[in-house]
Amino acid sequence: MMERDEVYLVDMWRILLREWRWWLTVLVLALALTFAFTHLAKRQWEATAWIQIGQVGAVPGGQDPKVEPLARVLERLQTAAFQNEVMQSLGFTPESRESHIYRKSLKLEPLPYAGPLVKLTVRGSSPPQARQFAEATVARLHAIHQGLEAKPLALAQARLNEVQSELSGAVTEREQWLQTAGRNDAASKAGQGMALTGVLAANMRSEIYGLTAARSDLSTRLSTTYTYETSLLWPVYVPEHQAFPNPVLCWGVGILGGLCLGVFAAMVRNAMRRRNSRK
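So for the sequence shown, my numbering puts the first residue at 1083; every next one is plus one.
Pasting the structure below:
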């Protein structure tokens, strides 16, 4: 079996030597096409953005604080209406070449365990344009989410103001009551009055403590740690080298394809030569 393989390889080598013009011509033609493609094809650069979905921390227990679920965000970004709005915000019509590149190259990768985040990649005819497409996408999503989170944020802020008002009223009432109770206790030295004063003071302290804790919890949930808008987590990244056409990949495919087609052309030519010689 080994000898047959060696003979086959030797025969193949002889065929290539005999038909060298054919496989060399095909290889040169493939390299010429590769050269033309890498120099004439419209160049594109790819921008990468990481989108952090906004949230309102002060929501009822058991509810998702995110402005919009991750799956719904992905569906929104893929709709034609959203993509057309992004392009129109940049001054491009849905039928323009830029819009076609944007829709065709837009790719999304959900990162549910990292925030969650959405990794977005999009291409443009230049590095600034690719960056512009990515930033416009995030800006449009931010505007939509800003409208969605306005009402929950307003309700949470109203609740915080209400708790603050109740706390201020309770503190003022307690101080006034203590002053009145102090004068009354000084006037009457009855033990029952002192006991009642202690009970009421303890109840008011408990109420003030609860309101203080509620205010602290709401303030923490409304801080930038737990409440924030949809935005870019990091700046948009655009590599210096173009994404399309990829010179290394194109030349690798061109050389490999040229060699394979050249060998095939040499084998076909050799078979035709042998058939003609038998006639």
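Glycine is no exception: its CB is placed at the ideal position from the N, C-alpha and C atoms.
| Query | Result |
| --- | --- |
| Hey, how far is the Cα of Ala1325 from the Cα of Gln1165? | 21 Å |
| Are at least three pairs of beta-carbons, each pair with one atom in the segment 1101-1111 and one in the segment 1344-1355, less than 8 Å apart? | yes |
| Counting C-beta neighbours from all protein chains within 10 Å, is the total for Met1169 16 or more, i.e. buried, or is it exposed? | buried |
| So what does DSSP say about Trp1102, is it helix, strand or coil? | helix |
| Determine the extent of the beta strand (DSSP E) in which Leu1202 is found, giving its start and end residues. | 1199-1206 |
| Buried or exposed, going by whether 16 or more other CB atoms sit within 10 Å of the CB of Gln1062? | In the structure as shown, the chain starts at 1083 and stops at 1361, and residue 1062 therefore has no counterpart that could be examined. |
| With DSSP as the reference, label Thr1107 as helix, strand or coil. | helix |
| Alpha carbon to alpha carbon, how far is Ala1295 from Gln1214? | 45 Å |
| Could you check whether the segment 1093-1102 touches the segment 1318-1335, counting it as contact only if at least three pairs of C-beta atoms, one from each stretch, sit closer than 8 Å? | no |
| For a minimum of 4 consecutive residues, which ranges assigned as the alpha helix (DSSP H) are wholly contained in the segment 1158-1226? | 1162-1171, 1179-1187 |
| Taking DSSP as the reference, what is the three-state secondary structure of Ile1135? | coil |
| Just the Cα atoms here: how many angstroms apart are Ala1153 and Tyr1310? | 19 Å |
| CB Arg1297 to CB Leu1242, shorter than 8 Å? | yes |
| So, at 7 Å on beta carbons, what are the nonlocal neighbours of Thr1116 in its own chain, with the 5 sequence-adjacent residues on each side left out? | Cys1332, Trp1333, Gly1336 |
| Is Lys1233 helix, strand or coil when you go by DSSP? | helix |
| With DSSP as the reference, please indicate the residues paired to Phe1326 in a beta bridge. | Gln1126 |
| Flag this pair as yes or no: are the beta carbons of Lys1201 and Leu1188 separated by less than 8 Å? | no |
| If you reduce the DSSP assignment to three classes, tell me which class Ser1288 lands in. | helix |
| Who pairs with Leu1314 in a beta bridge, going by DSSP? | Ile1133 |
| Three Cβ pairs or more, each shorter than 8 Å: is that satisfied between the segment 1118-1136 and the segment 1216-1229? | yes |
| Measuring only the C-alpha atoms, how far is His1323 from Thr1302? | 44 Å |
| Would you call Arg1047 buried or exposed, if buried means 16 or more other Cβ atoms sit within 10 Å of its Cβ? | What is shown of the chain runs 1083 to 1361, which leaves residue 1047 out entirely. |
| With DSSP as the reference, please indicate the residues paired to Tyr1319 in a beta bridge. | Thr1130 |
| Going by C-alpha distance, which of Leu1314, Ser1359, Thr1254, Ala1240 is nearest Ala1140? | Ala1240 |
| When you compare only the Cα positions, how much space is there between Ile1226 and Glu1177? | 24 Å |
| Rounding to the nearest angstrom, what Cα-Cα distance links Tyr1195 and Glu1157 in this structure? | 19 Å |
| Report, in whole angstroms, the separation of the C-beta atoms of Arg1320 and Pro1209, which I expect to be a contact under 8 Å. | With the sequence shown as reference, residue 1320 is identified as Val, and Arg is not the correct amino acid for it. Right, the Cβ-Cβ distance comes to about 5 Å (below 8 Å), so this counts as a contact. |
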